[in-house]
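Heads up: the structure comes next, in structure tokens.
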Amino acid sequence: VVTMDEDLRVLFSAFVGVTDGKISYLSRKAPEEKPQQIINGEGMVLMPGLINCHTHLAMSPLRGYADDCELSVWLNDHIFPREERMDDRCVKAATLLSIAECLRFGTTSVSDMYDHCNAIAEAVAESGIKANLSRGTTLFGEDFDVEKHPGCREMMELKEKWDGFDNGRIRVDASIHAEYTSDHRLWDAVSEYAINEHLGMHVHLSETKAEHEACKEKYGLTPAQLLDCHHVFDVRSIAAHCVWLEPEDMKLLAKRKVSAVHCPVSNLKLASGCADVQEMI
């Protein structure tokens, strides 16, 4: 048993008891009370589940659509056109496939950002996995009303219907897809909503050099600095990728207690670079 307690104890030939879905017994001695069910783990390792802090579960069928492209080409020319054709039925089936892969390899909790979120929540509820779900919101220059914006509406409906489901197995976060896919009107509205509703925040941040430098040229600030000005990191937050953070960005995110999520496979597939994890730590 890999306990992951403060002393990082590893117990050999141990017994773990579960009552009402929670660990209630842990010892090298067998419990005196006779259990209703025994699962024999002889020769195996029992450990806490792995956590995947940044997923797009429903994208599993899109894995082979484009290779050898950088992010903007991959997204705009290959992925976005196909995502537009995905409906709830497709998203739920794809999410169930991804969850099966997660559970097979020991991942028992995910933080997901996508749309068609009700279908994703249904798949999570049926599967038994734990999830933080967020509706990634974008804004491309059109008129904006937070009450009428499709992404914001879906985010609010997701929160009302699913947040806290099954004793907190599903939690709902707010989400801004990225600095480069929206503007200040969305940042202000979503951050205000997250603060008022005590939700977490999920964003993509400084994933590519082009994205990072374009933001500095347009606003005179890095993406981290810019979003911070609009209170995006005033709540518990996760920032995915963080490949091109500058030293000042790292200090800022540390001050705001933002969790940087390292996505090495994604970043290598799209040649986005390698996040400086050691420096962030």
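Taking the numbering used here, I'd label the letters of the sequence shown as residues 750 to 1030. All residues carry an ideal CB built from backbone N, CA and C; glycine is no exception.
Residue j beta carbon less than 7 Å from that of residue i
i              : j              : result
glutamate 997  : cysteine 964   : no
tryptophan 936 : histidine 961  : no
arginine 920   : asparagine 881 : yes
methionine 862 : serine 883     : yes
leucine 975    : leucine 820    : no
lysine 879     : serine 860     : no
Which residues DSSP lists as bridging residue i, in chain order
i               : result
leucine 775     : Val765
valine 952      : Ile925 and Ala988
isoleucine 828  : DSSP lists no partner for isoleucine 828.
isoleucine 1030 : According to DSSP, which records beta bridges pairwise, isoleucine 1030 is partnered with nothing at all.
valine 759      : Val751
threonine 971   : Bridge partners of threonine 971: none, in fact.
asparagine 801  : Val859
arginine 920    : Asn881
Closest residue to residue i among the options (Cα-Cα distance)
i              : options                           : result
leucine 888    : Lys908, Leu806, Ser924 and Gly877 : Ser924
methionine 796 : Ile772, Gln785, Leu806 and Lys783 : Ile772
lysine 1006    : Pro1013, His803 and Asp983        : Asp983
isoleucine 987 : His979, His980 and Leu1002        : Leu1002
arginine 872   : Ser940, Phe914, Phe893 and Gly885 : Residue identity check: residue 872 is alanine in the sequence provided, not arginine. Among Ser940, Phe914, Phe893 and Gly885, the Cα nearest to that of alanine 872 belongs to Phe914.
aspartate 817  : Pro810, Ser809, His980 and His827 : His827
cysteine 978   : Glu833, Ala943 and His933         : His933
glutamate 832  : Ala849, His805, Asp892 and Gly855 : His805
Cβ-based burial, residue i [other Cβ within 10 Å; buried from 16]
i               : result
proline 972     : buried
asparagine 1016 : buried
threonine 957   : buried
alanine 807     : buried
alanine 938     : buried
isoleucine 800  : exposed
isoleucine 952  : It is worth fixing the name first, because residue 952 is valine in this sequence and not isoleucine. Burial call: buried.
glycine 813     : exposed
valine 759      : exposed
isoleucine 787  : exposed
Whole runs of the beta strand (DSSP E) within the segment 845-913, excluding any shorter than 3 residues
856-863 and 879-884
Contiguous beta strand (DSSP E) assignments of at least 3 residues, all confined to the segment 978-1026:
986-990 and 1008-1010
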